[in-house]
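One structure is given below, encoded as structure tokens.
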Amino acid sequence: MNFIQTRGNDANKAQSVTFSQAILAPIASFGGLYVPQELPDLGEAFLQKHLNSSYKTLAADMLARFEIDIAQEVIDEALDLYDAFDDASNPVPVVKVKENLYVSELYHGPTRAFKDMALQPFGVVLSSIAQQRKENYLILAATSGDTGPAALETFKNRENVQVACLYPDGGTSDVQRLQMVTEDAKNLKVIGIHGVFDDAQNALKRLLASEEFQSALKEKNVSLSAANSVNFGRIIFQIIYHIHSYLELVRQNAISLGEKVYLNVPSGNFGNALGGYYAWKMGLPVEKIIISSNENNILTKLIKTGKYDLRDNAVVGTTSPAMDILKSSNVERILFDLFGDVRTKELMQSLEENNFYELNAEELTQLQEKFDADFCTGAEGKAYIKATFENDAYLMDPHTATCMKSFETCSNPAIKTIAYSTAEWTKFSPVIANALTGEKDAHDIDALKSISAVANLEIPSMIQGLFDKEVTQKTIIEKEKIEQEILKFL
Ligand SMILES: *Cc1c(COP(=O)(O)O)cnc(C)c1O
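Under this note's numbering, the first residue of the sequence shown carries the number 166, and numbering increases by one thereafter.
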């Protein structure tokens, strides 16, 4: 299958590219993104066939339907990484939390957040393409705290790949920071910047578009790619777990095959929700996708009013920092799917030039047929964490907690919901400790201990071990110095 471009073709880039090309150079004409030319139609037969399949079998068959230009043994090696998740026989457990609400836990991988679901296999795929082509790649990652650790983990010591990971100094939890700054593989560089996540992401986008930077890299025989979810190589692995989660509900006799469900997704860059949208288009029975946000509620406003308005909006820091995003990259792929490339280009140009776009009434209706949305404040989120722990004996992180509000405000109670849990409690322990016990401003290590005691949960060894590891990545710089610092590293 080939990949086409969300903003049309500029006559410089190829009209369509292979999967490998789309993941090696993820920015398309006019700054657009790559999307599949058409999605495979799986239908109910596919669901029936995989009712009793393992995650890996399901994944391999779904990927095969995409007919991508990646050798089967590479795909198999990539999927084998799910064996190292907590339960090799089921890397994504789905748990009933209360009547009609099921939580799909996407955080059982090595860095304890859902980014591992896609980045683990993505690392194998990208490195093997680079080796095959005898090319060297620099992977840029901008992180608010979860992508960075997952990208470093997947690429460490892999051939033909180096990683430069940008994070906002002071903008992550202790655990997230330690997961990055204690990585000591030679092909990894971690750079803290004075600024917020959007500064890191803007720097990344600027470097990806900069010809000057790319020619400086070329002199070192290095090409550039990105590990953020603008890269379709991540999105493809994020379709699978939506199908798996649905089949889990069938296996648990919670629904019958063919019954529609809500997918409720805590969203930032919209990669997770986009995976659900593609799964739906490929035949998964979905009633609607519900987008959950925090106080940075730009997606709620878009879906409720049709307006994407950045004009008087600055990112605010919240208790669910992985969703502190206003420029939500993957919305563009939805616009393309619903309205085509000409309109997408127009809307995205308006966003770039005027910090604003507005859908017309007909377009808004189309969007609302697929999506609904609500946002949850930090205080509400903490109340949900406490209530769900006390009443339903289920502990969730502050990102997952944003789904609890929209579960109440957006769902028809006759229809079951799959809500996605995107992080383990260990990654955001100070907020959770505050929600459960009222303790304030605890360091992660103390918060972990108090949650562990209150909830009778063990701190996983990979988290506990972080506090004794040596800090090897000490670079913290002004954002203007990023380019220089990366060139020095190469
Ligand atoms: C990345 C992340 C999100 C947002 O996911 P998107 O695919 O960017 O919408 C939500 N929660 C956590 C914990 C994350 O790490």
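Ideal Cβ positions, reconstructed from N, Cα and C, are used throughout, including at glycine.
All values derive from a computational prediction rather than experimental measurement.
Subject >> Residues that DSSP places opposite residue 269 in a beta bridge >> reply: Looking at the DSSP assignment, residue 269 forms a beta bridge with 259, 585.
**OP:** May I ask you to check if the CB of residue 558 is nearer than 7 Å to at least one heavy atom of ligand 1?
**Re:** No, Cβ of residue 558 sits at least 7 Å from all heavy atoms of ligand 1.
**OP:** Count the other CB atoms, across all protein chains shown, that sit within 10 Å of the CB of residue 299; report buried if there are 16 or more and exposed otherwise.
**Re:** When all chains shown are included, residue 299 counts as exposed.
Original post:
Is residue 414 helix, strand or coil by DSSP?
Top reply: If DSSP states are grouped into helix, strand and coil, residue 414 belongs with the helices.
**OP:** Identify, in the order they occur along the chain, each residue of the same chain with its Cβ nearer than 7 Å to the Cβ of residue 205, setting aside the five sequence neighbours on each side.
**Re:** So the list reads 230, 231, 447, once near-sequence residues are dropped.
Original post:
Apart from the five residues just before and just after residue 397, which ones in its own chain have a Cβ nearer than 8 Å to its Cβ?
Top reply: Cβ-Cβ distances below 8 Å link residue 397 to 168, 184, 187, 188, 191, 198, 199, 200, 201 in the same chain, with the five nearest sequence neighbours on each side left out; the list follows chain order.
Subject >> Classification of residue 273 by the beta-carbon crowding that lies within 10 angstroms, buried from 16 upward >> reply: Taking all protein chains shown into account, residue 273 has 16 or more neighbouring C-beta atoms within 10 Å of its C-beta and is therefore buried.
Subject >> Secondary structure of residue 480, DSSP reduced to three states >> reply: Residue 480: coil per DSSP, three-state reduction.
Original post:
Excluding five sequence neighbours on each side, which residues of the same chain lie with their C-beta closer than 7 Å to the C-beta of residue 212?
Top reply: Annotation for residue 212: 412, 422 place their beta carbon closer than 7 Å to its own, counting only its chain and skipping 5 residues before and after.
Original post:
Roughly how many whole angstroms lie between the Cα atoms of residue 395 and residue 435?
Top reply: Rounded to whole angstroms, the separation of the alpha carbons of residue 435 and residue 395 is 10 Å.
Subject >> residue 440 classed as buried or exposed, judged by whether at least 16 other C-beta atoms fall within 10 angstroms >> reply: Looking at its Cβ environment, which holds 16 or more other Cβ atoms inside 10 Å, residue 440 is buried.
**OP:** Determine the direct distance from the alpha carbon of residue 289 to that of residue 684, and round the result to whole angstroms.
**Re:** Shown here, the chain extends from 166 to 655; a query on residue 684 therefore has no answer.
Original post:
So what does DSSP say about residue 357, is it helix, strand or coil?
Top reply: It is a strand residue.
Original post:
Closest by CA to residue 323, which one among 420, 266, 304, 628?
Top reply: Relative to the Cα of residue 323, the nearest Cα in the group 420, 266, 304, 628 belongs to 304.
Subject >> Chain-order list of residues whose beta-carbon lies under 6 Å from that of residue 503 (same chain, five-residue window excluded) >> reply: For residue 503, same chain residues with a beta-carbon under 6 Å away, outside a window of 5 residues either side, are 531 in chain order.
Original post:
Regarding residue 435 and ligand 1, is the C-beta to nearest heavy atom distance less than 7 Å?
Top reply: Residue 435 Cβ: within cutoff of ligand 1.
Original post:
Looking at residue 315 and residue 284, is the spacing between their C-beta atoms short of 8 Å?
Top reply: Yes, the Cβ-Cβ distance between residue 284 and residue 315 is below 8 Å.
Subject >> Extent of the continuous alpha helix (DSSP H) run through residue 647 >> reply: In this chain, the alpha helix (DSSP H) harbouring residue 647 covers 647-654.
**OP:** Taking all protein chains shown into account, decide if residue 653 is buried (16 or more other Cβ within 10 angstroms of its Cβ) or exposed.
**Re:** Exposed, by the Cβ-count rule.
Original post:
What span of residues does the beta strand (DSSP E) with residue 389 cover, start to end?
Top reply: Taken as a continuous stretch (DSSP letters only), the beta strand (DSSP E) holding residue 389 covers 387-391.
Subject >> Separation of residue 574 from residue 458, as counted between CA atoms >> reply: The alpha-carbon separation between residue 458 and residue 574 amounts to approximately 13 Å.
**OP:** Give a single yes or no on whether residue 607 has its beta carbon closer than 7 Å to a heavy atom of ligand 1.
**Re:** Placement of the Cβ of residue 607 at a distance of 7 Å or more from every heavy atom of ligand 1 is found.
Subject >> Residue from 264, 248, 196 with nearest C-alpha to residue 556 >> reply: Nearest option by C-alpha distance: 264.
**OP:** Go through the region 271-326 residue by residue and report every complete run of the beta strand (DSSP E) that reaches 3 residues or more, in order.
**Re:** Along the region 271-326, the beta strand (DSSP E) occurs as fully enclosed runs of 3 or more residues at 301-307, listed in sequence order.
Subject >> Under the three-state DSSP convention, the category residue 340 falls into >> reply: Secondary structure of residue 340 (DSSP, three-state): helix.
Subject >> Of the residues 269, 546, 548, 215, the one placed nearest residue 583, counting alpha carbons only >> reply: Taking each of 269, 546, 548, 215 in turn and checking the Cα distance to residue 583, the smallest one comes out for 269.
Original post:
Is the beta carbon of residue 348 sitting closer than 8 Å to the one on residue 355?
Top reply: Contact: yes.
Original post:
Does the Cβ of residue 279 lie closer than 7 Å to at least one heavy atom of ligand 1?
Top reply: Checking every heavy atom of ligand 1 against the Cβ of residue 279, one is found closer than 7 Å.
Subject >> For residue 392 and residue 293, the rounded distance between their alpha carbons >> reply: The alpha-carbon atoms of residue 293 and residue 392 are separated by roughly 15 Å.
Subject >> DSSP three-state assignment for residue 623, whether helix, strand or coil >> reply: Look at residue 623 here: in three-state DSSP terms it is coil, with no helix or strand label.
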